[in-house]
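For the sequence shown, the numbering used here assigns the number 375 to the initial residue and increments by one for each residue that follows. For reference, the structure discussed in these notes is given below.
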Amino acid sequence: MILTAEPQDLQLETNTICNGKCAFCEYPKLKRHGKAKWSDIIDLLYWYAPKVRHVTPFGMQEPFLEPRLTAILSNIKQFNQHAETVVYTNMTIYDNDVMTKLIKQQCLDKLCISFYGTTKKAYNTLQPGFDYKQTQKNIKQFMKLRKKLGWRKPLVSLHLLVTPETMMDANKFMRKWRPVVDTAGFVRKDSFAGTQSYDPILEMRLWGAPSKVRVPCHRLWTSMVVRFDGTVVPCCLDAHIKMPLGNAFEDHINAFNSPELQAMRKLHIEGRQDEIPLCRNCSVWRYETPQEWKQYWLTQNDAPNAVIPCI
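What follows is the structure in structure tokens.
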């Protein structure tokens, strides 16, 4: 039974500042607020950035409201130039100087944009308070700036949340935006472990039949998620820190293999996910478990010295 692991992905929430009140997000309900100390950010990157394949300096926040963003990205690359850096944004904030520095710096590999504006009405419903036309302008302006500066990074990926509000015009939306950005695709609506409603019938219509077998969650072995105060949580969907699993700022060495996290892994291995409140109502496993991870747990978990696959 493998209860310890080295993280492949590091997600660090650097603050909890966001300008959105999106209907599909837990941020409007968030009661914990603050920002990580610079010294804690650097210490964590020192310990973990060299070990991982991906670093996401982002949590319950809007990254372009983080004044230290470019400095954080620069430090990630100094610790590990091969680690892929990713942030997610609503792209409602556009500062040309910041965007120019971000592109010239070449320390951000992927910029994911959550823009659910198939129509103005859908946008105002799902992402209320934002300017529909201005957000589109910001996206196009960023792409033009990157072309003008002569760089191919960051890769810009446009995400469309598929909901009843966006379904009817989804294909038209994609035809419009795929020539503009590098990639554009559909994303599923997270239930945030049961705190957000979701429609399993709609899911099946869009994504096909879900997985019939629930294996241990790969995130527990591969993804280290750290909140602004250092608290380690099982996954990014634990927005309200319902399951604190140690503190990465206080214990760098054991943060990803704390007794609490090992106990949670053991319950997953034993098929007792329903005993964990956070996992009981999770819908992610139904569609987002990598096939190689399923294969590992279903056929090779009893093998001595088995190696957890990279995903």
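Positions of the beta carbon are idealized from the N, C-alpha and C atoms, including for glycine.
CB-CB under 7 Å to arginine 601, same chain, minus the five flanking residues each way: which ones, in chain order? One-based indexing of the sequence shown puts residue 601 at position 227. Contacts found: Glu387, Gly433, Val607 and Ile615.
Aspartate 414 lies in the beta strand (DSSP E); which residues open and close that run? On the sequence shown, position 40 is the one that residue 414 refers to. DSSP places aspartate 414 outside any beta strand (DSSP E); the residue lies instead in the alpha helix (DSSP H), whose first and last residues are 412-422.
Give me the DSSP bridge partner(s) of leucine 384. Your numbering for residue 384 matches position 10 in the sequence shown. DSSP output for leucine 384 lists Val429 and Met598 as bridge partner(s).
Return helix, strand or coil for cysteine 486, following the three-state DSSP convention. Residue mapping note: residue 486 aligns to position 112 of the sequence shown, counting from 1. Under the three-state reduction of DSSP output, cysteine 486 falls in the strand class.
Can you tell me whether DSSP reads asparagine 454 as helix, strand or coil? Indexing the sequence shown from 1 puts residue 454 at position 80. Residue state, collapsed to three classes: coil.
Assigned exposure category for histidine 592 - 16 Cβ within 10 Å defines buried: Walking along the sequence shown from the start, residue 592 turns up at place 218. Buried, since its Cβ has 16 or more Cβ neighbours within 10 Å.
Excluding the five sequence neighbours on either side, which residues of its own chain have a C-beta within less than 6 Å of the C-beta of lysine 494, listed in chain order? Start at 1 with the first residue of the sequence shown, and residue 494 comes out as number 120. Here the set comprises Tyr506.
Take aspartate 612 and list the residues in its own chain whose beta-carbon comes closer than 8 Å to its own, dropping the five residues that flank it on each side. Position 238 of the sequence shown, counted from the first residue, corresponds to residue 612. For aspartate 612, where only same-chain residues beyond five positions count, the Cβ hits under 8 Å are Ala567, Val599 and Leu652.
Report buried or exposed for asparagine 512, applying the criterion of at least 16 other Cβ atoms within 10 angstroms of its Cβ. Against the sequence shown, residue 512 aligns to sequence position 138. When all chains shown are included, asparagine 512 counts as buried.
Simplified DSSP state of serine 531, which is helix, strand or coil: The sequence position of residue 531 within the sequence shown is 157, counting from 1. Reduced to three states, the DSSP call for serine 531 is strand.
CB-CB length for leucine 532 against alanine 544, believed under 8 Å: Start at 1 with the first residue of the sequence shown, and residue 532 comes out as number 158. Start at 1 with the first residue of the sequence shown, and residue 544 comes out as number 170. With a Cβ gap of about 12 Å, leucine 532 and alanine 544 do not count as contacting.
Just confirm the distance between the C-beta atoms of leucine 439 and isoleucine 467, as a whole number of angstroms; I'd bet it's less than 8 Å. Here residue 439 is taken as the residue at index 65 of the sequence shown, counted from 1. Here residue 467 is taken as the residue at index 93 of the sequence shown, counted from 1. Contact flag correct, Cβ pair sits at about 7 Å.
Restricting to Cα atoms, I'd like to know which of Pro538, Val554 and Met541 is closest to lysine 518. Your numbering for residue 518 matches position 144 in the sequence shown. With distances taken between CA atoms, lysine 518 lies nearest to Val554 out of Pro538, Val554 and Met541.
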